Amino acid sequence: MMTSNEKTLDIRSRQQAQQTGSVTYFTGRPCKREHVCERYTKNQNCTECSKKYSKDYFQTYYKTNREIYLERSKQRSQTKEQKARCRDYARKFGKIRYETNREWFKDYRRKNKEKQQAYMEVYSKEYYERNKDSIKEASRYWRQNNPDKAASYREIRNQYLKERTPRWANLDKIKEIYLERDRLIVETGVQHHVDHVIPLNGKCISGLHIHTNLQILTAAANLNKSNKWETE
Ligand SMILES: [Zn+2]
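Residue numbers for the sequence shown, in our numbering: 783 to 1014.
Here it is, written out as structure tokens:
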């Protein structure tokens, strides 16, 4: 028996509700299942019964059409609009949550730094492998939509490489390694990167842009290195 709303609801006939355009009305009398609650003006149905009916209806439907239902909701969630909506929502509320709990987050990160790093090392590799195509696509999309920023990053990157290249560096040998990288990509169809063994902007020591400090890695292996700046 549903009685909790009884006290707060004003008695209002269906006719009154129709006149005022109200979606529901309340007579104070129980329905045949003894719910004392509002009824819909449109069809006189008890709101509690309607709720129960939709729930039962859905459950029966779900039981018999589980596969179809899951497939449809999967498709719905994979449309561009829905993805964008989810992303916006997550961004908005993630930001609010972060800003209201900033100290807690900082403290948490400090306490779990090593654990997180170990986890991220494994996870980022797995994540990349699983989402290789969409990551590449997103990156291409970003570069297309931010040509100025992309160019300026490239510019900064090139400037930095130049600074880390000593006068005595063997430029021919460096070029050879990049050509070899290109050849490997064509030959294997797998993305390869030229990587600096000692990172150019390492924390303790900084490497140089010289051929003995270069190695060719698959993109996946390179991504697993913590220094993302090395990717090119
Ligand atoms: Zn009812």
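Even for Gly, the Cβ is constructed at its ideal location relative to N, Cα and C. Source: prediction; values computed, not measured.
Taking the Cβ atom as the reference point for each residue, do residue i and residue j lie within a distance shorter than 8 Å?
i	j	result
Y910	I917	yes
Q973	I980	no
K907	A1002	yes
R946	L990	yes
Q800	T823	yes
L729	I956	With the chain covering 783 to 1014 only, the question about residue 729 has no answer from this structure.
I998	V976	yes
E820	Y807	yes
Y773	Y835	What the structure shows of the chain is the stretch from 783 to 1014, and residue 773 is not part of that stretch, so it cannot be assessed.
Q864	R858	yes
R796	Q841	no
Please state the DSSP three-state secondary structure of residue i.
i	result
H993	helix
D930	helix
C813	coil
C831	helix
L982	coil
M783	Because the pLDDT of M783 is 46, which lies under 50, any placement of that residue in the model is unreliable, and the question is left without a value.
L1020	The structure shown has nothing for residue 1020, since the chain only spans 783 to 1014.
I998	strand
T776	No information on residue 776 is available, as it lies outside the stretch 783 to 1014 that the chain covers here.
K1010	Reliability fails at K1010, whose pLDDT of 47 lies under 50, so the model's placement of it is uncertain and no value is given.
Residue i: beta carbon under 7 Å from a heavy atom of ligand 1?
i	result
E820	no
E903	no
R854	no
R869	no
R815	yes
E919	no
E830	yes
Sort the options by Cα distance to residue i and report the nearest one.
i	options	result
L791	G810, G803 and A866	G810
P948	S988, N894, D889 and G876	S988
A866	Q898, A920, L943 and A951	A920
C813	S804, N928, C831 and K897	C831
| task | List in chain order: all unbroken beta strand (DSSP E) runs of 3+ residues lying wholly within the stretch 903-973. | result | none
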